[in-house]
Amino acid sequence: MNEFKRDLISAHELKTVGKNRKALKLYEKCYKKHPEEFSFNQINDYAWTIYKTRIAFFKDEDELFENAEFITQLVEQRNFNKCGSCVYTSSIFKVLNHFKSQNDFASMIPWLRKLDPDLLDEKLYRKHGRFNKSHRELYYDWSSRAYYQNMEYEKCIEVSKTALNAVKRFVDEGDTWFRWRIAKSLTELGRLKEALKYYEKVIEVRHDWYMYRDIAEIYLRLKKPWISQDYLCHAILSDEPNSQKAGIYYTCYKVFKSSNMPMAVKHAELYYLLRRKSNYPVAYEIEELNFDESKLNRKELEREIMDLWIRYKYKNQKIRHGTIITFKKDKNYGLIKTEDDDEIFFNKDEFEGTEIFTGQLVSFYTEESFDESKKTKSLKAVNVRGEK
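Just so we're aligned, residue 1232 is where the sequence shown starts under the numbering used here, counting upward by one.
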């Protein structure tokens, strides 16, 4: 047996017992001499020793990129569904995860193009008690994000639509996020009516404030500000703190400035204060209004604007009055007896005030609800306020 074969056998034995660094030195020595003599399994073992020593725990990104690129030249992508592991796929996903950690999806594109999504598995990986996305869903998810971030909107639409057909099981409402990126890409391309169709599907599942804001912006561009107001109402009355959604008040300014300038200015003032507080730049047309920050009161503006939108939401409903007759502190809900002797359920989250007690006079609106115990539709009290 010649030295070359002895070294390959020794390298395999070292790899088998986890001594990958020593194995790698032997594999590199042999590969430099006679790469054509390597069998399929020996090439694959060589690639795995590179992965385990230089990619799995890389020192810097140049080392990661260089070795991942070498592996893609050394071996081919295998069908993950059949073989259960693939050093080619694992190496590229290590690079992709590196870019994800930096929120740099655009830089993923050359690496994503090295993968065949049909060879990626759809196995859902369980970690910390929850399922994570399969390799195939991750591929499409990152691809659609990458093309959107790179402003390749047609490509984003194409890959997102493909994902909706190619992925059988989505995690964390993944299909909804693909539809959202389709809607955003269509908006960027000026195909607004198409975008609205996708947005309507999205908000059947998700109720994030910025999605309603985006729809409001579309109707504004379609010169239908009266429709924008319905979506702005959803966004403003959402649970997220105002500090996270300053942009919605700028949209309100644009919606109202042609029909109700005092209303527009009130929203612009709050937008201005929120942006200044966060040290973010303020839109030029708002800067041109020359607000005196010292004369603006954020809490008062927030209260006035919130009251305005609550009245708008329930504009077709008369405010109701009643008395709290029960409240279960351990379960955070209670009952209100109305002036008409009806009993209406309310949740603590809907109460605006510091203390809830039996006999308290309140005002409120109502919304449709579902009584789980009786399996019937019912009413619940919302925007419950204590009265003096």
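Cβ atoms here follow ideal geometry from the backbone N, Cα and C, with glycine treated the same way. In this text the structure is predicted, and so the values were computed from the model without any measurement.
Three-way DSSP call (helix, strand, coil) for residue i in this model
i, result
"Lys1264", "helix"
"Ala1612", "strand"
"Ser1374", "helix"
"Lys1568", "strand"
"Phe1601", "strand"
"Phe1582", "strand"
"Lys1476", "coil"
"Gly1405", "helix"
"Lys1544", "helix"
Close beta carbons around residue i, own chain, < 7 Å, minus the five adjacent residues each side
i, result
"Glu1368", "Val1398, Phe1401, Val1402 and Gly1405"
"Asn1310", "Leu1350"
"Lys1485", "Leu1451"
For residue i, the residue or residues it bridges with in DSSP
i, result
"Asn1363", "Tyr1356"
"Ile1458", "DSSP lists no partner for Ile1458."
"Leu1592", "Thr1554"
"Lys1559", "Tyr1564"
"Thr1280", "DSSP, once it has assigned bridges, lists no residue as partnering Thr1280."
Alpha-carbon spacing of residue i relative to residue j, whole angstroms
i, j, result
"Phe1289", "Arg1357", "25 Å"
"Ile1500", "Asn1521", "Looking at the sequence provided, one finds Glu at residue 1500 rather than Ile. Answer to the nearest angstrom: the Cα atoms are 10 Å apart."
"Lys1611", "Tyr1379", "41 Å"
"Phe1409", "Glu1268", "46 Å"
"Phe1558", "Asp1573", "16 Å"
"Cys1314", "Glu1294", "27 Å"
"Leu1346", "Ile1458", "44 Å"
"Lys1476", "Tyr1441", "8 Å"
"Thr1420", "Cys1387", "Sequence check: residue 1420 is Leu here, not Thr. In a straight line, the C-alpha of Leu1420 is about 11 Å away from that of Cys1387."
Terminal residues of the alpha helix (DSSP H) in which residue i lies
i, result
"His1243", "Glu1234 to Thr1247"
"Arg1507", "Met1492 to Lys1508"
"Arg1309", "Looking at the DSSP string, Arg1309 is not in any alpha helix (DSSP H), and its letter there is neither H nor E."
"Asn1328", "Val1318 to Ser1332"
"Lys1488", "It is not in any alpha helix (DSSP H) - Lys1488 carries neither H nor E in the DSSP assignment."
"Asp1445", "Trp1440 to Arg1452"
"Pro1348", "Looking at the DSSP string, Pro1348 is not in any alpha helix (DSSP H), and its letter there is neither H nor E."
"Ile1517", "Tyr1515 to Glu1518"
Residue span of the beta strand (DSSP E) that contains residue i, given as start and end
i, result
"Asn1578", "Glu1574 to Asn1578"
Same chain, Cβ closer than 6 Å to residue i, five either side skipped, listed in chain order
i, result
"Met1494", "Phe1487"
"Ala1394", "Tyr1371 and Phe1409"
is_contact[residue i, chain B] using C-beta, thresh 8 Å
i, result
"Ile1587", "The displayed structure is made up of one protein chain only, and chain B is not part of it."
8 Å CB neighbourhood of residue i in its chain, flanking five on each side removed
i, result
"Ser1600", "Phe1576, Lys1608, Ser1609, Leu1610 and Lys1611"
"Leu1468", "Met1537, Trp1540, Ile1541 and Lys1544"
"Val1626", "Any question about residue 1626 goes unanswered here, given that the chain covers just 1232 to 1619."
"Ile1302", "Ala1278, Ile1281, Tyr1282, Ile1286, Val1318, Tyr1319 and Ser1322"
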